[in-house]
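*Asks:* Listed in order, the protein sequences are those of chains A and B.
Using full-length UniProt numbering, you'd call the opening residue of the first sequence number 1 and step up by one each time.
Using full-length UniProt numbering, you'd call the opening residue of the second sequence number 1 and step up by one each time.
Glycine included, every Cβ here is placed at the ideal spot set by N, Cα and C.
Predicted model, so just to flag it, every value in this text is computed and none were measured.
Number of protein chains: 2
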Amino acid sequence: MAFSPLVDELVESLRCLPGVGQKTAQRMAFHLLEKGRGGGERLAGALSAAMTGVRRCDSCQNFSDTPICPICEKPERHTGTLCVVESPSDLLAIEQAGDYRGGYFVLMGHLSPIDGIGPEDIGIELLLRRVRDESVSELILATNPTVEGEATAHYIADRLDGTGVLTTRLAHGIPVGGELGYVDGFTLTHAFRGRKPLTD
Amino acid sequence: MAFSPLVDELVESLRCLPGVGQKTAQRMAFHLLEKGRGGGERLAGALSAAMTGVRRCDSCQNFSDTPICPICEKPERHTGTLCVVESPSDLLAIEQAGDYRGGYFVLMGHLSPIDGIGPEDIGIELLLRRVRDESVSELILATNPTVEGEATAHYIADRLDGTGVLTTRLAHGIPVGGELGYVDGFTLTHAFRGRKPLTD
Numbered sequence: 001m002a003f004s005p006l007v008d009e010l011v012e013s014l015r016c017l018p019g020v021g022q023k024t025a026q027r028m029a030f031h032l033l034e035k036g037r038g039g040g041e042r043l044a045g046a047l048s049a050a051m052t053g054v055r056r057c058d059s060c061q062n063f064s065d066t067p068i069c070p071i072c073e074k075p076e077r078h079t080g081t082l083c084v085v086e087s088p089s090d091l092l093a094i095e096q097a098g099d100y101r102g103g104y105f106v107l108m109g110h111l112s113p114i115d116g117i118g119p120e121d122i123g124i125e126l127l128l129r130r131v132r133d134e135s136v137s138e139l140i141l142a143t144n145p146t147v148e149g150e151a152t153a154h155y156i157a158d159r160l161d162g163t164g165v166l167t168t169r170l171a172h173g174i175p176v177g178g179e180l181g182y183v184d185g186f187t188l189t190h191a192f193r194g195r196k197p198l199t200d
Numbered sequence: 001m002a003f004s005p006l007v008d009e010l011v012e013s014l015r016c017l018p019g020v021g022q023k024t025a026q027r028m029a030f031h032l033l034e035k036g037r038g039g040g041e042r043l044a045g046a047l048s049a050a051m052t053g054v055r056r057c058d059s060c061q062n063f064s065d066t067p068i069c070p071i072c073e074k075p076e077r078h079t080g081t082l083c084v085v086e087s088p089s090d091l092l093a094i095e096q097a098g099d100y101r102g103g104y105f106v107l108m109g110h111l112s113p114i115d116g117i118g119p120e121d122i123g124i125e126l127l128l129r130r131v132r133d134e135s136v137s138e139l140i141l142a143t144n145p146t147v148e149g150e151a152t153a154h155y156i157a158d159r160l161d162g163t164g165v166l167t168t169r170l171a172h173g174i175p176v177g178g179e180l181g182y183v184d185g186f187t188l189t190h191a192f193r194g195r196k197p198l199t200d
């Protein structure tokens with residue numbers, strides 16, 4: 001390599017970021033060195049603080065600085081409803097939509113026997129314990145609409161069968177603002193089956 | 001925001017990287033927190049070391065850990081030929097091609113009167129001093145084939161007019177492995193004008 005050890009190490013380290021290859025890492029390193037030293041130093045501090053300081057919430061498994069995350073700490077979020085999502089970014093999307101005001105449980109993945117990921121790896125026992133202990137009345141299974149997401153939702157629903165807890169799944173249908181011509185057949189079929197009277 | 005201050009600060013800091021917006025920064029932060037804590041800590045260290053430790057080479061202006069960069073330090077690279085490039089990534093591309101064995105001068109930009117960037121901002125005086133002091137016989141002006149790059153090359157060539165230093169510009173033509181049908185008209189015209197006998 002033509003560069004100094006420090007620059008080489010920076011380029012190599014940047015490749016740990018998802019979607020960043022050799023060329024992009026180089027471009028990022030040169031950009032930071034040329035125009036963004038302040039930003040680079042801030043990023044170094046933030047990375048170091050987050051890598052050591054961020055843990056999982058003991059209650060919902062979401063990322064948190066404290067043993068219990070800010071959402072779980074709010075008494076008004078304990079509404080008897082829990083929304084189960086696969087990842088923190090799913091939770092963020094729901095929070096940004098702003099309508100749901102209940103609690104969460106973040107699985108940090110989905111069941112995947114082929115990868116050796118079973119119920120205990122994604123905290124389903126912890127979830128079931130919470131459902132029992134906090135007298136949860138509804139569990140919204142908002143896992144992704146993929147094969148693994150559906151399987152995970154059905155597994156959780158099966159485990160709660162007979163306990164009287166209502167398990168629900170998010171509605172399928174056409175996205176708001178979308179064009180019918182671009183919607184796939186499965187989604188359209190779901191949208192037709194779930195149609196509602198206009199006066200609803 | 002739904003997240004902890006540490007995660008928020010990490011997402012915000014990642015946005016200083018070029019081409020990284022809110023969504024990508026989020027994805028990067030979650031990836032590091034979930035699966036890449038080791039990589040994240042390594043990146044923090046590399047960033048911090050590079051931001052404080054990397055400087056410009058006193059001789060060629062390239063990024064370097066030392067006052068004189070590894071290329072300028074090698075006596076065999078002082079061949080009387082200097083290659084002038086706009087950025088460290090251009091230098092890297094030429095080094096990776098592996099054919100050129102002379103010295104370099106990195107302008108870290110190009111002349112751009114509209115942005116207030118004049119000859120002194122990109123180190124042209126330092127370059128001219130080197131040409132004089134090191135008895136350079138050829139200056140390869142490998143600035144980009146853009147309006148600003150051409151203007152910068154012509155400005156340097158004009159300043160050296162009458163000094164006996166040979167100034168050259170990289171050849172234009174069709175890229176190796178390219179298809180003629182996709183080559184633009186200007187490049188084709190250059191390729192025709194620069195054609196060579198097959199026995200060459």
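1) Should the stretch 73 to 84 of chain B be called in touch with the stretch 136 to 143 of chain B, which here means at least 3 C-beta pairs below 8 Å?
2) Would you say residue 98 (chain A) lies against chain B (beta-carbon separation less than 7 Å)?
3) Terminal residues of the continuous beta strand (DSSP E) containing residue 132 (chain A)?
4) Any idea what DSSP makes of residue 104 (chain B), helix, strand or coil?
5) For a test of the three-state rule: what should DSSP assign to residue 68 (chain A), helix, strand or coil?
6) Helix, strand or coil for residue 15 (chain A), going by three-state DSSP, please let me know.
7) Per the contact definition of three or more C-beta pairs closer than 8 Å, is the stretch 156 to 171 of chain B in contact with the stretch 123 to 136 of chain B?
8) Alpha carbons only, please: which of A:115, A:80, A:26 is nearest the one belonging to residue 103 (chain A)?
9) Examine chain A for any beta-carbon lying closer than 7 Å to the beta-carbon of residue 112 (chain B), and answer yes or no.
10) Below 7 Å between beta carbons is the criterion; list the residues of the stretch 38 to 64 of chain A that meet it against any residue of chain B, in chain order.
11) Taking the beta strand (DSSP E) that residue 147 (chain B) belongs to, which residues open and close that run?
12) So, at 8 Å on beta carbons, what are the nonlocal neighbours of residue 36 (chain B) in its own chain, with the 5 sequence-adjacent residues on each side left out?
13) Listing by chain order, which chain B residues have their CB less than 7 Å from the CB of residue 7 (chain A)?
14) Is there contact between the stretch 113 to 123 of chain A and the stretch 53 to 70 of chain B, where contact requires at least three CB pairs shorter than 8 Å?
15) 7 Å is my cut-off, CB to CB: does residue 88 (chain A) come that close to chain B?
16) DSSP state of residue 63 (chain A), grouped into three classes?
17) Can the beta-carbon of residue 14 (chain B) be found closer than 7 Å to that of residue 25 (chain B)?
18) Buried or exposed for residue 186 (chain A), please, with buried defined as at least 16 other CB atoms from any protein chain shown within 10 angstroms of its CB.
19) Here's a check: name, in chain order, each residue in its chain whose Cβ is nearer than 8 Å to the Cβ of residue 149 (chain A), leaving out the five neighbours to either side.
20) From residue 206 (chain A) to residue 68 (chain A), what does the alpha carbon distance come to, in whole angstroms?
21) To the nearest angstrom, report how far apart residue 30 (chain A) and residue 97 (chain B) are at their CA atoms.
22) Within 7 Å (strictly less), CB to CB, does residue 18 (chain A) reach chain B?
23) Kindly indicate which residue of B:27, B:53, B:41, B:100 has the alpha-carbon position closest to the one of residue 52 (chain A).
24) So, at 6 Å on beta carbons, what are the nonlocal neighbours of residue 56 (chain B) in its own chain, with the 5 sequence-adjacent residues on each side left out?
25) Between which two residues does the beta strand (DSSP E) containing residue 138 (chain B) stretch?
26) For residue 192 (chain A) and chain B, any beta-carbon pair shorter than 7 Å?
27) Going along chain B, which residues have a C-beta under 9 Å from residue 14 (chain A)?
28) Determine the chain B residues that contact residue 10 (chain A) at a beta-carbon separation under 7 Å, and present them in chain order.
29) Of all the residues that make up the stretch 162 to 174 of chain A, which are near chain B by a beta-carbon distance shorter than 7 Å?
30) Answer yes or no: do residue 203 (chain B) and residue 10 (chain A) have a C-beta to C-beta separation smaller than 7 Å?
31) Which chain A residues sit within Cβ distance under 7 Å of residue 72 (chain B)?
32) Using the C-alpha atoms, what's the distance from residue 70 (chain A) back to residue 4 (chain B)?
33) Is it buried or exposed for residue 90 (chain A), if we count other Cβ within 10 angstroms and need 16 for buried?
34) Below 7 Å on C-beta distance, what does residue 36 (chain B) contact in chain A?
35) Helix, strand or coil: how does DSSP classify residue 24 (chain B) here?
36) By Cβ distance below 7 Å, which residues in the same chain neighbour residue 169 (chain A) in space, the five residues on each side in sequence not counted?
*Replies:* Inspection of the coordinates gives the following:
1) yes
2) no
3) Here residue 132 (chain A) belongs to no beta strand (DSSP E); instead the alpha helix (DSSP H) covers 124 to 133.
4) strand
5) coil
6) coil
7) yes
8) A:80
9) no
10) 39, 40, 41, 42, 43, 44, 46, 47, 48, 49, 50, 51, 53, 54, 63, 64
11) Per DSSP, residue 147 (chain B) belongs to no beta strand (DSSP E); it is in the alpha helix (DSSP H), 147 to 159.
12) none
13) 50, 54, 63
14) no
15) yes
16) strand
17) yes
18) exposed
19) 86, 110, 143
20) What is shown of chain A runs 1 to 200, which leaves residue 206 (chain A) out entirely.
21) 20 Å
22) yes
23) B:41
24) none
25) 138 to 141
26) no
27) 17, 43, 46, 47
28) 46, 47, 50
29) none
30) Only positions 1 to 200 of chain B appear in the structure, and residue 203 (chain B) is not among them; the question remains open.
31) By Cβ distance, chain A contributes nothing, its closest Cβ being about 11 Å from residue 72 (chain B), past 7 Å.
32) 7 Å
33) buried
34) 16
35) helix
36) 141, 153
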